[in-house]
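Chemist: One structure is given below, represented as structure tokens, and several questions about it will come after.
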Amino acid sequence: MSYRGLHLPAAVLAFVLVLAVGLLGKHVYEQNQIIAPLEAELQQVVGVKKVAVQRSRGGWGSVLEIYLDLDAQVPLGAALGRVRQIAADFGENLVIHLRDSASPELLQLYEQVQLAAEEAVITGKFTLLAERVGQLAGSRGAGWELSVDRNFIYISLTDGEHMLRRVISRAPEGQELEFHVDGGAWG
């Protein structure tokens, strides 16, 4: 079967082969030039125990998803500050997933802490936030850590073997990295 001297089955086969080679080449390039170097650099950050990076496609574009398991002994703000610097150097749309082991009690405590944190974002009174978090955590016998930078509030709450870690953005919606917290084990 041909059309104006062009053999259609051969043309379709050539198109499919070129498309497949192009997609395979893009995948190999992305793995070797973006994902593997990003994982290697993030693994060197003090406090990062485990890291995994994967490309997620959906909507109008693609996003690099970074999954982190952080050392409980390293301050959350310090570790994530360095992670954010490295991620920004790669110039990609990023979502960072943190793993924690929050108990129901810590989740209830966090609801109260989050209210105080949101109030501090509005009022700018972060020293009062530290006092309030100390009071709330102390009343429940929980350990706590709080740090603040220009973009985020970093909160860690501990209760025995359980740990809750959260990041609250100080920027208007959609102007910073996204952080998600996933309980339990991953990949």
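The numbering used here applies: residue -14 is where the sequence shown begins, and numbers increase by one.
Backbone N, C-alpha and C fix where the C-beta goes; we use that ideal spot for every residue, glycine too.
As the structure is a prediction and not an experimental result, all values here were calculated from the model.
(1) Among the candidates Q99, V30, I51, L4, whose CA atom is the shortest distance from the CA of P60?
(2) Beta-carbon separation of L142 and L91 under 7 Å?
(3) Enumerated in chain order, which unbroken segments of the alpha helix (DSSP H) with a length of 4 residues or greater are wholly contained in the segment -1 to 60?
(4) Could you check whether L27 and I71 sit closer than 7 Å to each other, using their CB atoms as the reference points?
(5) Alpha carbon to alpha carbon, what distance is there between N78 and G172?
(6) According to DSSP, is E130 helix, strand or coil?
(7) Any idea if I107 is buried or exposed, counting beta-carbon neighbours within 10 angstroms, 16 or more meaning buried?
(8) With I51 and H12 assumed to form a contact (beta carbons below 8 Å), what rounded beta-carbon distance in angstroms separates them?
(9) So what does DSSP say about S141, is it helix, strand or coil?
Modeler: So, from the data block:
(1) V30
(2) yes
(3) Restricting attention to alpha helix (DSSP H) runs no shorter than 4 residues, the segment -1 to 60 encloses them at 21 to 28, ordered along the chain.
(4) yes
(5) Residue placement at G172 is flagged as unreliable, the pLDDT there being 46, under the threshold of 50; the coordinate-derived value follows with that caveat. Cα-Cα distance, rounded: 21 Å.
(6) strand
(7) exposed
(8) With a Cβ gap of about 19 Å, I51 and H12 do not count as contacting.
(9) strand
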